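Q:
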């Protein structure tokens, strides 16, 4: 091979504007979107990557598989309702579930900082194994690296996952149709607020626990019941607003949602007000939106309401799956929301960094 | 689920002795081995994980796949003969190759430190893409996280890989037989010394370049020719000595090697003497051992010698595939070496940390 010819190509991110990586480049909003769309996707360009889903759908001798990866850098490592270990399993399981795959196998890559208490590692490893059992996946391969003290932050965990796609429907933004309803599987904002409450030392009357949970079993029940799911997305970094914007943009559709239909727990709403956050942009780890034709909406809601989310300490009364809006028409891809006082406004993708290191 | 019952289990690593994670826990030697065998394998226990290979062999509706992951934390990010990007592709491709799989798909997970120059990221991304093209794999899914300044070290890259196993033979330590010859595909020690030379500011008459290279094409040529490969292992962290010890232990066989048969370039040998390293323990990123029955040895060597390693700036005259030893008998699993002066000694697994952050 000749001497790296592409090294002469100039950086696709405007260096004058962004000479260095900012926290917001990992925040799930506009800057991360720019990095993915302008750098990673063109550089690694191939038909699979270009589908822009949380998991890649790959064909392997006639077998349809899903493949995904996520690194987890959440601080603190342990928080009400979860820890970096269970998050690393649930997050990757959920990325597979969002393309309709049955998660089967995970890898686990650890980047440990010299000086991490061995007991901390052990707690995290056990939490991963419990989460893997709950989600019915096996951790089959792994790797351990240690970086010198001061060059990491305790522990970072990467998981990659393989799932099998058993249903023929293409679950992707491209399948979204005008008239589809947007179903949300529960209240939003708990994961992000649970993390921030610990970081800021805030105390509420009740402890706000992360909603971190595996979603694959519920999704597979929906598919088994014949629900025609067009698209799904879990509401992690960037929250509900960013997820809907990504889908609207790729689908080239307008999405209209109704603020009063979006469940937010009172304590979460209160914490958002204190901290200056908009719950629409706060990360969740057990919440997703599904785009479904009207004909299937009631049945889907019924299945969601009767499903026991596999989650410790889950207060089921908080979870209230509901229709929060619908796809109105082909458009340039915007999200509109009718606010509590009846005014319609555009809901944009997250700009800047709302909550760093939330997952 | 009830309240984490396993959290009451005590840590399987003796806390009095190892209260915290040490650099050596990631060094590829005894402490990493202990961490894997005493913590990860029992915790994540399943039939696949227990095979103790670089890649897991998984069956999926009758299709045999290989699945592996590695995180890369090498310092410096760029070094003679490679960089963290090409290393992250070649390393994972090689782990798949070592179980006889044809590598097909990779994931890419980035953990970026706030403040990383955008141009640095771009150079690494391009290098990954070039390495992926050279190894004939596609990067189909990815993830980006950003950690605050001072909580990372520029960039860490995780790749996971999926390959397809097209040949029926089980390539694993368990398949090793007495009488097998041990073939090494080239000179050892260049990757580790290339890294250390940059770190220590050492200058040699010629630049020592990393041997980082993708090995899958060569391995697939051996398999296609009908070579009965019993086991392979690439010689990364812990070097040749640790790889042979791992295989000897799992196979329950004694391996005898001959020091004068192991190619080490003169400049590498000289650098090892200056730095106080034993080349047997220095990391490589394009070298592997193959355990092959005597009948196939000549043919395998012929294929290796005529194969053009897909590597920039590779000085092919350095690469001299050769037989370095053989499997003598069933035993408790030790590696013996006849030294240059004709004395036989036991070659142990790396203890402690020889070269931190080499990959």
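Chains as they are written, first to last, in our numbering: chain A, 571 to 929; chain B, 571 to 929.
The beta carbon of each residue, even a glycine, is placed where N, CA and C say it ideally should be.
Values in this document were obtained by computation on a predicted structure and should not be read as measured data.
#1: Between residue 897 of chain A and residue 826 of chain A, is the Cβ-Cβ spacing less than 9 Å?
#2: Rank B:652, B:607 and B:852 by C-alpha distance to the C-alpha of residue 570 of chain B and give the top, closest one.
#3: What's the call for residue 833 of chain A, buried or exposed, on a 16-neighbour Cβ count within 10 Å?
#4: Note down, in chain order, every chain A residue with its Cβ under 9 Å from the Cβ of residue 924 of chain B.
#5: Compare the C-beta of residue 596 of chain A with all C-beta atoms of chain B and state if any pair is closer than 9 Å.
#6: Kindly list the residues whose CB is nearer than 8 Å to the CB of residue 686 of chain A, restricted to its own chain and excluding five residues on each side of it in sequence; keep chain order.
#7: From the beta carbon of residue 866 of chain B, is the nearest beta carbon of chain A less than 9 Å away?
#8: My parser needs the alpha helix (DSSP H) runs of 4 or more residues fully inside the stretch 812-864 of chain A; what are they?
#9: Does DSSP classify residue 705 of chain B as helix, strand or coil?
#10: Are the CB atoms of residue 892 of chain B and residue 759 of chain B within a distance shorter than 9 Å?
#11: Assuming contact is defined by CB atoms lying nearer than 9 Å, are residue 751 of chain B and residue 680 of chain B in contact in what I supplied?
#12: On the three-state DSSP scale, how would you describe residue 644 of chain A?
#13: List, in chain order, every chain B residue whose beta-carbon is nearer than 8 Å to that of residue 639 of chain A.
#14: Since I believe residue 711 of chain B is in contact with residue 602 of chain A (beta carbons under 8 Å), could you give me their beta-carbon distance rounded to a whole number of angstroms?
#15: Does any C-beta atom of chain B lie closer than 9 Å to the C-beta of residue 801 of chain A?
#16: To the nearest whole angstrom, what separates the beta carbons of residue 862 of chain B and residue 753 of chain B, a pair I think is in contact under 8 Å?
#17: For residue 600 of chain B, report the span of its alpha helix (DSSP H) as first-last.
#18: Check the C-beta distance from residue 781 of chain A over to residue 756 of chain A and give it rounded, since I have them as a contact under 8 Å.
#19: Determine, using beta carbons only, whether residue 777 of chain B comes closer than 9 Å to chain A.
#20: Any idea what DSSP makes of residue 926 of chain A, helix, strand or coil?
#21: Does DSSP classify residue 775 of chain A as helix, strand or coil?
#22: Nearest chain A C-beta to residue 571 of chain B closer than 9 Å, yes or no?
#23: Considering only C-alpha positions, which residue in the set B:799, B:644 and B:749 is nearest to residue 765 of chain B?
#24: Are at least three pairs of beta-carbons, each pair with one atom in the stretch 689-696 of chain B and one in the stretch 651-666 of chain A, less than 8 Å apart?
#25: Residue 649 of chain A: which of A:901, A:814 and A:769 sits nearest, CA to CA?
#26: Can you pull the chain B residues whose beta carbon is under 8 Å from the beta carbon of residue 660 of chain A, in chain order?
#27: I think residue 699 of chain B touches residue 613 of chain A, with their Cβ atoms under 8 Å apart; what is that distance to the nearest whole Å?
#28: Considering only the alpha carbon of each residue, which of B:857, B:652, B:666 and B:811 lies closest to residue 848 of chain B?
#29: Pick out whichever of A:667, A:875 and A:609 has its Cα sitting closest to the Cα of residue 740 of chain A.
#30: If you reduce the DSSP assignment to three classes, tell me which class residue 589 of chain A lands in.
#31: If we require 4 or more residues per run, which alpha helix (DSSP H) segments fall completely within the stretch 609-668 of chain A?
#32: When you compare the CB of residue 764 of chain A with every CB in chain B, is at least one pair closer than 9 Å?
#33: So residue 630 of chain B contacts chain A; which residues on that side make the cut at Cβ distance below 9 Å?
#34: From the DSSP secondary-structure annotation, give me the bridge partner or partners of residue 721 of chain B.
#35: Taking C-alpha atoms, which residue in A:877, A:633 and A:676 lies nearest to residue 640 of chain B?
#36: Excluding the 5 residues flanking residue 626 of chain A on each side, which residues of the same chain have their C-beta closer than 6 Å to its C-beta?
A: Checking against the coordinates, here is how it stands:
#1: On the first chain, position 327 is the one that residue 897 of chain A refers to. On the first chain, position 256 is the one that residue 826 of chain A refers to. Taking 9 Å as the Cβ cut-off, residue 897 of chain A and residue 826 of chain A qualify as a contacting pair.
#2: Limits of chain B in this structure are 571 at one end and 929 at the other, which puts residue 570 of chain B out of reach.
#3: Against the first chain, residue 833 of chain A aligns to sequence position 263. With 16 or more other Cβ atoms within 10 Å, it is buried.
#4: Locating residue 924 of chain B in the second chain gives position 354, where the first residue counts as 1. Result: empty, since nearest Cβ-Cβ is about 13 Å, beyond 9 Å.
#5: The residue you call residue 596 of chain A lines up with position 26 of the first chain. Closer than 9 Å to some Cβ of chain B, the Cβ of residue 596 of chain A qualifies, so yes.
#6: Within the first chain, numbered from 1, the residue matching residue 686 of chain A stands at position 116. The residues are 724 and 725.
#7: The sequence position of residue 866 of chain B within the second chain is 296, counting from 1. No, no contact with chain A.
#8: 836-845
#9: To locate residue 705 of chain B, count along the second chain from 1; it is residue 135. Residue state, collapsed to three classes: helix.
#10: By 1-based counting over the second chain, the position of residue 759 of chain B is 189. By 1-based counting over the second chain, the position of residue 892 of chain B is 322. No, they are not a contact pair.
#11: If you number the second chain from 1, residue 751 of chain B lands on position 181. If you number the second chain from 1, residue 680 of chain B lands on position 110. No, the pair does not count as a contact, with Cβ atoms beyond the cut-off.
#12: The residue you call residue 644 of chain A lines up with position 74 of the first chain. DSSP places residue 644 of chain A in coil when its eight states are reduced to three.
#13: Here the question's residue 639 of chain A lines up with position 69 in the first chain. Result: 677, 678, 679, 711, 712, 713, 728 and 730.
#14: Taking the first chain and counting its residues from 1, one reaches residue 602 of chain A at position 32. Taking the second chain and counting its residues from 1, one reaches residue 711 of chain B at position 141. In fact, because the Cβ distance is near 15 Å, the residues do not count as touching under 8 Å.
#15: Locating residue 801 of chain A in the first chain gives position 231, counting from the first residue. With 9 Å as the cut-off, residue 801 of chain A does not count as an interface residue toward chain B.
#16: In the second chain, counting from the first residue as 1, residue 862 of chain B sits at position 292. In the second chain, counting from the first residue as 1, residue 753 of chain B sits at position 183. Sure, about 6 Å apart at Cβ, within 8 Å.
#17: Locating residue 600 of chain B in the second chain gives position 30, where the first residue counts as 1. Unbroken alpha helix (DSSP H) run through residue 600 of chain B: 600-605.
#18: Numbered from its first residue, the first chain carries residue 781 of chain A at position 211. Numbered from its first residue, the first chain carries residue 756 of chain A at position 186. Contact holds; Cβ gap of about 7 Å.
#19: Counting from one through the second chain, the residue named residue 777 of chain B turns up at place 207. It does not: the Cβ of residue 777 of chain B has no partner Cβ on chain A nearer than 9 Å.
#20: Position 356 of the first chain, counted from the first residue, corresponds to residue 926 of chain A. Residue 926 of chain A: coil per DSSP, three-state reduction.
#21: The residue given as residue 775 of chain A occupies position 205 in the first chain. In this structure, residue 775 of chain A counts as coil in the three-state DSSP scheme.
#22: Taking the first residue of the second chain as 1, we reach residue 571 of chain B at position 1. Interpretation of residue 571 of chain B is limited by its pLDDT of 36, a score under 50 that renders its predicted location unreliable; the figure taken from the coordinates is listed afterwards. With 9 Å as the cut-off, residue 571 of chain B counts as an interface residue toward chain A.
#23: The sequence position of residue 765 of chain B within the second chain is 195, counting from 1. Of the candidates B:799, B:644 and B:749, the one whose C-alpha sits nearest the C-alpha of residue 765 of chain B is B:644.
#24: no
#25: Along the first chain, read from residue 1 onward, the residue named residue 649 of chain A stands at position 79. Nearest C-alpha to residue 649 of chain A: A:769.
#26: Numbered from its first residue, the first chain carries residue 660 of chain A at position 90. None at all; the shortest Cβ gap to chain B is about 13 Å.
#27: Locating residue 699 of chain B in the second chain gives position 129, counting from the first residue. Locating residue 613 of chain A in the first chain gives position 43, counting from the first residue. Between residue 613 of chain A and residue 699 of chain B the Cβ distance is about 5 Å, and since that is below 8 Å, they are a contact.
#28: Position 278 of the second chain holds residue 848 of chain B. Closest option to residue 848 of chain B, Cα to Cα, is B:811.
#29: Working through the first chain from its first residue, we reach residue 740 of chain A at position 170. Of the listed residues, the one whose Cα sits closest to residue 740 of chain A is A:667.
#30: Translated into the one-based positions of the first chain, residue 589 of chain A becomes position 19. Three-state DSSP puts residue 589 of chain A in coil, outside helix and strand.
#31: 654-667
#32: Translated into positions along the first chain, residue 764 of chain A becomes position 194. No, because no Cβ of chain B sits closer than 9 Å to the Cβ of residue 764 of chain A.
#33: By 1-based counting over the second chain, the position of residue 630 of chain B is 60. For residue 630 of chain B, the chain A residues whose Cβ falls inside 9 Å of its Cβ are 630, 633, 635, 674, 675, 732 and 734, in order along the chain.
#34: Against the second chain, residue 721 of chain B aligns to sequence position 151. Under DSSP, residue 721 of chain B takes part in no beta bridge, so it has no partner.
#35: Within the second chain, the letter at position 70 stands for residue 640 of chain B. Of the candidates A:877, A:633 and A:676, the one whose C-alpha sits nearest the C-alpha of residue 640 of chain B is A:676.
#36: Residue numbering aside, residue 626 of chain A sits at position 56 when the first chain is read from its first letter. Only 618 and 637 meet the Cβ criterion.
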